[in-house]
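>
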Amino acid sequence: MKKTIGIIGAGNMGGAIYRILKQSRLAKRVYIYDKHANKTNALKARADVLGLQDLLTQSDIIILAVKPQSFKDLADEIGVEIKNKLIVSVMAGVSTQTISGLLKSKKIIRAMPNMAARIGQGVVGWFANKPVLKSEKTDIARLLSVLGLAVEVKKEPLLDVVTAVSGSGPAYFFYLCGLLEAQAVRLGLDKKSARVFATQTFIGSATLLKVSEQDAGQLCLSVISRKGTTAAAMEVLKKNGFAKIFERALSAAFKRARELSKLYE
Ligand SMILES: NC(=O)c1ccc[n+]([C@@H]2O[C@H](COP(=O)([O-])OP(=O)(O)OC[C@H]3O[C@@H](n4cnc5c(N)ncnc54)[C@H](OP(=O)(O)O)[C@@H]3O)[C@@H](O)[C@H]2O)c1
């Protein structure tokens, strides 16, 4: 797929997408634009920076990586015809209908990657609206595969679930890993060792889960010996409602994705 790709927004996600797309050499050319030059400078992207209107004109595929709250202003700034370009939005919440309406573009793909896209190990849920052709969907699936595992969802509202689960997901894992590290230090390990033990526990467990025939619940049980150390820890988590807290956290993320979609209704 030798297409020219233009990324608008060079923050956490736009920057991650830029880097991995450049590495992949999948695109004919990757352009990027952010209203803050320091963001593109930090990416050492100077040779790929274009102004907004030039980026829109010269790109076949336009990736929207601004915050949902910034989208209306961005749409107002667009001064060139883009109705036949493929638009890929990674914005949480904002619907294909809203994007199509504000940009006067027909073909919209909504994708929800996560931060592991930085190393091509993300998972990306995506949805294409009706006008996107089959061949274009094939191109998009290939493009998104550079970010990690790309999974098409057939109903757009499911992207709000994907947002809460895997879009925000790395934050839950980093948070938990940070807690594990902090407790390792409190109990006596030095900081460097704490990081090694905590991080490798996550990497090893995730890899085991990926290759195992057992699901997460079964694997969890396999670590808990009766009256052992893990049983003691799990007892505290259960007694103190860890599952309920997590349920409330996920519901809050899901609700926020819905609220963001209402920004433009
Ligand atoms: N971060 C993640 O892990 C993640 C995961 C999945 C999806 N996403 C989605 O990715 C999008 C970007 O998130 P992010 O975390 O990368 O945000 P971010 O770090 O704030 O980056 C967005 C960048 O776009 C700039 N921008 C805003 N309006 C613009 C405009 N009109 N023209 C050019 N640049 C403009 C922003 O500037 P200002 O700071 O001035 O606004 C900022 O530099 C969001 O919609 C989010 O839902 C993020």
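Heads up: the sequence shown at position 95 corresponds to 95 in my numbering, and the numbers run straight through without jumps.
Glycine included, each C-beta is placed from N, C-alpha and C at the ideal position.
Bear in mind the structure is a predicted one, so any value in this text is a computation, not a measurement.
1) Nearest to Asn12 by CA position, among Thr199, Gln200, Ile245 and Gly167, is which residue?
2) Using a Cβ-Cβ cut-off of 8 Å (strictly less than) and excluding sequence neighbours within five positions of Val223, which residues of its own chain qualify?
3) Look at the Cβ atom of Ile99, then the Cβ atom of Trp126, and state whether they are nearer than 8 Å.
4) In chain order, what residues of the same chain lie with their CB nearer than 8 Å to the CB of Ser193, ignoring the 5 residues before and after it?
5) Please state the DSSP three-state secondary structure of Glu235.
6) Does the distance from the CB of Gly148 to the CB of Pro113 come in under 8 Å?
7) Quick check on the DSSP output: the beta strand (DSSP E) that includes Gly122 runs from which residue to which?
8) Kindly indicate which residue of Phe173, Gly122, Gln69 and Thr4 has the alpha-carbon position closest to the one of Phe246.
9) Tell me, please, which residues DSSP counts as bridged to Thr4.
10) List in chain order: all unbroken beta strand (DSSP E) runs of 3+ residues lying wholly within the region 55-96.
11) Where do the ends of the alpha helix (DSSP H) carrying Ala47 lie?
12) For Lys35 and Lys155, I'd like the C-alpha separation in whole angstroms.
13) My parser needs the alpha helix (DSSP H) runs of 4 or more residues fully inside the region 103-189; what are they?
14) Taking the C-alpha atoms as reference points, what is the distance between Leu50 and Ile32?
15) Where do the ends of the alpha helix (DSSP H) carrying Arg226 lie?
16) Classify Val79 as buried or exposed, calling it buried when 16 or more other Cβ atoms lie within 10 Å of its own Cβ.
17) Under the assumption that Asp60 contacts Leu102 (Cβ atoms under 8 Å), give the Cβ distance between them as a whole number of angstroms.
18) Taking only the alpha-carbon atoms, compute the straight-line gap between Arg226 and Leu159 and give it to the nearest angstrom.
19) For Ser70, is the beta carbon positioned less than 7 Å from some heavy atom of ligand 1?
20) Label Val90 either buried or exposed according to how many other C-beta atoms from any shown protein chain fall within 10 Å of its C-beta, with 16 as the threshold for buried.
21) Check whether the region 233-240 touches the region 69-77, taking contact to mean three or more Cβ pairs, one atom from each stretch, closer than 8 Å.
22) Determine the direct distance from the alpha carbon of Val94 to that of Ser135, and round the result to whole angstroms.
23) In three-state DSSP terms, what is Gly204?
24) Would Ile8 pass as a contact of Leu64 if the rule is Cβ separation under 8 Å?
25) Does any CB atom of chain E fall closer than 8 Å to the CB of Asn129?
26) Taking Ser24 as part of the alpha helix (DSSP H), name the residues at either end of that continuous run.
27) Out of Glu81, Val153 and Leu21, which one is the CA nearest neighbour of Ala111?
Taking the geometry as given:
1) In the sequence shown, residue 12 corresponds to position 12, counting from 1. Each of Thr199, Gln200, Ile245 and Gly167 was checked against the Cα of Asn12, and the nearest Cα belongs to Gly167.
2) The residue labelled residue 223 in the question sits at position 223 within the sequence shown. Thr230, listed in sequence order.
3) For the purposes of this step, residue 99 is identified with residue 99 of the sequence shown, where counting begins at 1. For the purposes of this step, residue 126 is identified with residue 126 of the sequence shown, where counting begins at 1. Not closer than 8 Å, so no.
4) What you label residue 193 is simply residue 193 of the sequence shown in a count that begins at 1. Scanning its chain for C-beta atoms nearer than 8 Å, with the 5 sequence neighbours on each side dropped, one finds around Ser193 the residues Ala184, in chain order.
5) Locating residue 235 in the sequence shown gives position 235, counting from the first residue. DSSP places Glu235 within a helical segment (H, G or I) once states are collapsed to three.
6) Sequence index remark: in the sequence shown, residue 148 carries index 148 (1-based). Sequence index remark: in the sequence shown, residue 113 carries index 113 (1-based). Closer than 8 Å, so yes.
7) Counted from its first residue, the sequence shown places residue 122 at position 122. Boundaries of the beta strand (DSSP E) around Gly122: Gly122 to Ala128.
8) The count along the sequence shown starts at 1 and reaches residue 246 at position 246. The shortest Cα separation from Phe246 among Phe173, Gly122, Gln69 and Thr4 belongs to Phe173.
9) As a position in the sequence shown, residue 4 is number 4, starting the count at 1. For Thr4, which the question treats as bridged, DSSP gives the partners Arg29.
10) 61-64 and 86-89, all fully within the region 55-96.
11) As a position in the sequence shown, residue 47 is number 47, starting the count at 1. No alpha helix (DSSP H) holds Ala47; DSSP gives it neither H nor E.
12) Numbered from its first residue, the sequence shown carries residue 35 at position 35. Numbered from its first residue, the sequence shown carries residue 155 at position 155. Here the C-alpha atom of Lys35 lies approximately 33 Å from the C-alpha atom of Lys155.
13) Those alpha helix (DSSP H) runs which fall completely within the region 103-189 and span 4+ residues are 134-145, 158-162 and 169-186.
14) In the sequence shown, counting from the first residue as 1, residue 50 sits at position 50. In the sequence shown, counting from the first residue as 1, residue 32 sits at position 32. Per the coordinates, the alpha-carbon of Leu50 lies some 6 Å from the alpha-carbon of Ile32.
15) Translated into the one-based positions of the sequence shown, residue 226 becomes position 226. In the DSSP assignment, Arg226 falls outside any alpha helix (DSSP H) and carries neither an H nor an E.
16) Translated into positions along the sequence shown, residue 79 becomes position 79. This sequence places Gly at residue 79; Val is not what is there. Exposed, since its Cβ has fewer than 16 Cβ neighbours within 10 Å.
17) One-based indexing of the sequence shown puts residue 60 at position 60. One-based indexing of the sequence shown puts residue 102 at position 102. With 8 Å as the limit, Asp60 and Leu102 do not qualify as a contact, their Cβ atoms being about 20 Å apart.
18) The residue labelled residue 226 in the question sits at position 226 within the sequence shown. The residue labelled residue 159 in the question sits at position 159 within the sequence shown. Approximately 40 Å between the Cα atoms of the pair.
19) On the sequence shown, residue 70 is found 70 positions in, with the first residue counted as 1. Because some heavy atom of ligand 1 lies under 7 Å away, the Cβ of Ser70 counts as near it: yes.
20) Residue mapping note: residue 90 aligns to position 90 of the sequence shown, counting from 1. Within a 10 Å sphere around the beta-carbon of Val90 sit 16 or more other beta-carbons, which makes this residue buried.
21) With contact defined as three or more Cβ pairs closer than 8 Å, the region 233-240 and the region 69-77 are not in contact.
22) In the sequence shown, residue 135 corresponds to position 135, counting from 1. In the sequence shown, residue 94 corresponds to position 94, counting from 1. So the two alpha carbons sit approximately 24 Å from each other.
23) Translated into the one-based positions of the sequence shown, residue 204 becomes position 204. Taken through DSSP and simplified to helix, strand or coil, Gly204 comes out as helix.
24) The residue labelled residue 8 in the question sits at position 8 within the sequence shown. The residue labelled residue 64 in the question sits at position 64 within the sequence shown. Taking 8 Å as the Cβ cut-off, Ile8 and Leu64 qualify as a contacting pair.
25) The question asks about chain E, but that chain is absent: this structure has only one protein chain.
26) As a position in the sequence shown, residue 24 is number 24, starting the count at 1. Taken as a continuous stretch (DSSP letters only), the alpha helix (DSSP H) holding Ser24 covers Asn12 to Ser24.
27) Here residue 111 is taken as the residue at index 111 of the sequence shown, counted from 1. Comparing Cα-Cα distances from Ala111 to each of Glu81, Val153 and Leu21, the minimum goes to Val153.
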